[in-house]
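Single-structure report; data block below.
Protein chains in written order, with the numbering used here: chain A, 8 to 122; chain B, 127 to 240.
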């Protein structure tokens with residue numbers, strides 16, 4: 008089990024550029040979450056997918072943020088245009104949503120710096 | 127009502143000592159209380175979890191104490207080791223909108239000094 012795989016690990020971009028973060032969840036997991044971590048706000052849930060369908064995107068901060076999950080093994084989080092205040096560590100997490108509670112399995116994150 | 131308050135923000139403990147991190151919540155609908163451990167450059171990983179129908183859960187050197195009436199829970203790390211140095215997040219979750227929605231505390235950075 009390779010765990011949740013995120014790429015890239017680090018991304019440095021200029022304000023106004025498009026940024027795409029990628030995630031491969033654990034095989035067999037049917038739930039996928041995108042989180043953002045900052046010192047000021049801690050861990051914030053951005054969006055939740057279940058069986059590849061977006062269920063809760065209430066945490067997406069603005070229309071500049073979008074997320075897709077075209078299949079069970081891949082998801083992207085896109086920021087267009089990026090702004091300096093988007094600088095944070097973005098985590099993808101997956102779990103199996105069934106009859107019992109399943110823990111979140113996080114990737115190692117993408118550290119985004121927008122200059 | 128969705129907040130989980132965590133304290134302290136940082137903690138320094140000597141090797142062999144007891145580390146204690148406290149959390150409090152308001153929403154009585156929460157029904158699962160996990161703790162996550164995060165090392166630098168890594169994502170959070172589940173450490174231990176408890177349901178509100180038990181008052182204590184122990185796994186090795188890690189113990190969760192849960193006080194349902196006070197809406198508080200805490201993590202105790204016995205015989206703390208330098209390898210325990212990490213950031214610890216308490217969390218509370220409840221089934222809402224078709225999934226188990228997790229609310230995280232703000233984190234406690236633990237440093238265990240030799």
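Glycine residues also receive a C-beta, built at the ideal position from the N, C-alpha and C atoms.
*Alpha-carbon to alpha-carbon, residue 149 (chain B) and residue 237 (chain B)*: 18 Å
*Cα separation between residue 232 (chain B) and residue 218 (chain B)?*
Taking the straight line joining both Cα atoms gives about 12 Å.
*Taking all protein chains shown into account, do 16 or more other C-beta atoms lie within 10 angstroms of the C-beta of residue 163 (chain B), making it buried, or fewer, making it exposed?*
buried
*Who are the Cβ neighbours of residue 212 (chain B) in its own chain at under 7 Å, not counting the five residues just before and after it?*
163, 164, 165, 236
*Using a Cβ cut-off of 8 Å, which residues of the segment 218 to 234 of chain B contact any Cβ in chain A, in chain order?*
Among the residues of the segment 218 to 234 of chain B, those with a Cβ less than 8 Å away from any Cβ of chain A are 219, 223, 224, 225, 226, 227, 228, 230, 231, 232, 233, in the order of the chain.
*For residue 81 (chain A) and chain B, any beta-carbon pair shorter than 8 Å?*
no
*asked:* I'd like to know if the segment 77 to 86 of chain A and the segment 29 to 44 of chain A are in contact, where contact means that at least 3 CB-CB pairs between them fall below 8 Å.
replied: yes
*Alpha carbon to alpha carbon, how far is residue 193 (chain B) from residue 88 (chain A)?*
46 Å
*Name, please, each residue of chain B whose Cβ falls closer than 8 Å to the Cβ of residue 57 (chain A).*
Residues of chain B passing the Cβ test: 224, 225.
*Starting from residue 64 (chain A) and walking both ways along the beta strand (DSSP E), at which residues does that stretch end?*
Segment: none, residue 64 (chain A) is in no beta strand (DSSP E) and carries neither H nor E.
*Would you decide whether residue 93 (chain A) is buried or exposed? Buried here means 16 or more other CB atoms lie within 10 Å of its CB.*
Flag for residue 93 (chain A) reads buried.
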